[in-house]
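Trainee: Residues in the sequence shown are numbered consecutively from -16, following the working numbering. Cβ atoms here follow ideal geometry from the backbone N, Cα and C, with glycine treated the same way.
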Amino acid sequence: LSYPAPAGGAVITLSSSNPTVASVPSSVTVPAGATASAPFTVTTGAVNSQTTVTLSASYATVIQTANLTVRPAVLYSVYAVPGSIQGGLSTTGNQVGLYGLAPASGAQVNLSSSNSAVASVPSSVLVAPGSNASPQFTISTTGVAAQTMVSISARYQGVTKSVNLTVLPASVSGVTLSSKAVMGGGV
């Protein structure tokens, strides 16, 4: 307010031009003698594209407005768990994460591998509407002769994030003898 609220306070009516995208409480009260209300919450919804919402506050005959821009979720990260695996095995604890929530249609995140002959990924994974993380997906690997670093990439809304997965060659885990003692000169 441009002047202190009267005795009993001033009830300010709030509204949103698009409550599905940004909703506000119906009103806030400025305490008597004060010029501002306590902070209030603006609750936003997930959007497919950047959306501007006009928020309005009215008291007596005066209306003030402010624009709020709600942005769509962006790709935050891609995880490969574990970060190294023996060739020929699969890793299943892999996910992508969003900063923000997926829109009503979900968020289709494209996946790729820098060396799909060694480590292959599904072409995409869907982050469910209202969620900020994908279901876990599988990375399948093949045997390698030497340690091989493969970059796993995720792409959504023009943003790409990558993580390295190390594929390890098979190693000898032990030697087993069929007999602990043999006669010299025998096979």
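How would you call A5, buried or exposed, if buried means at least 16 neighbouring beta carbons within 10 angstroms?
Mentor: It counts as buried.
Trainee: Pick helix, strand or coil for Y62, following the three-state DSSP scheme.
Mentor: Strand, per DSSP.
Trainee: Take P245 and list the residues in its own chain whose beta-carbon comes closer than 7 Å to its own, dropping the five residues that flank it on each side.
Mentor: Limits of the chain in this structure are -16 at one end and 170 at the other, which puts residue 245 out of reach.
Trainee: Using 8 Å as the cut-off, can you tell me whether the segment 42 to 49 makes contact with the segment 73 to 92, which would need three or more C-beta pairs spanning the two stretches below that distance?
Mentor: Not touching, per the Cβ criterion.
Trainee: Is it the case that the Cβ atoms of T131 and V150 are separated by a distance below 8 Å?
Mentor: Going by C-beta atoms, T131 is nearer than 8 Å to V150.
Trainee: Identify which residue in L84, S106, V133, G157 has its Cα closest to the Cα of N98.
Mentor: Checked all of L84, S106, V133, G157; the closest Cα to N98 is V133.
Trainee: Going by beta carbon distance, what residues of the same chain come within less than 7 Å of P105, once the five residues before and after it are set aside?
Mentor: Correct list, in chain order: L94, F120.
Trainee: Which same chain residues end up closer than 8 Å to S178 when comparing Cβ atoms and leaving out the 5 residues on each side of it in sequence?
Mentor: Outside the modelled stretch of the chain, which goes from -16 to 170, sits residue 178, for which no answer is possible.
Trainee: Tell me the rounded alpha-carbon separation between S161 and A116.
Mentor: Cα to Cα, S161 sits roughly 51 Å from A116.
Trainee: Between N31, Q33, V155, L38, which has its C-alpha nearest F23's C-alpha?
Mentor: Nearest option by C-alpha distance: L38.
Trainee: Counting only runs that start and end within the segment 57 to 104, where is the beta strand (DSSP E) found for 3 or more residues in a row?
Mentor: For the segment 57 to 104, whole beta strand (DSSP E) runs of length 3 or above, ordered along the chain, are 57 to 62, 67 to 69, 73 to 82, 90 to 96.
Trainee: DSSP three-state label for R138, please.
Mentor: Here R138 sits in strand by DSSP.
Trainee: Which term fits L72, buried or exposed, when burial requires 16 or more other beta carbons within 10 angstroms of its beta carbon?
Mentor: By the 10 Å Cβ count, L72 comes out exposed.
Trainee: Quick check on Y42: does DSSP put it in helix, strand or coil?
Mentor: Strand.
Trainee: With a threshold of 16 other CB atoms inside 10 Å of the CB of Y82, please say whether the residue is buried or exposed.
Mentor: Y82 should be labelled exposed.
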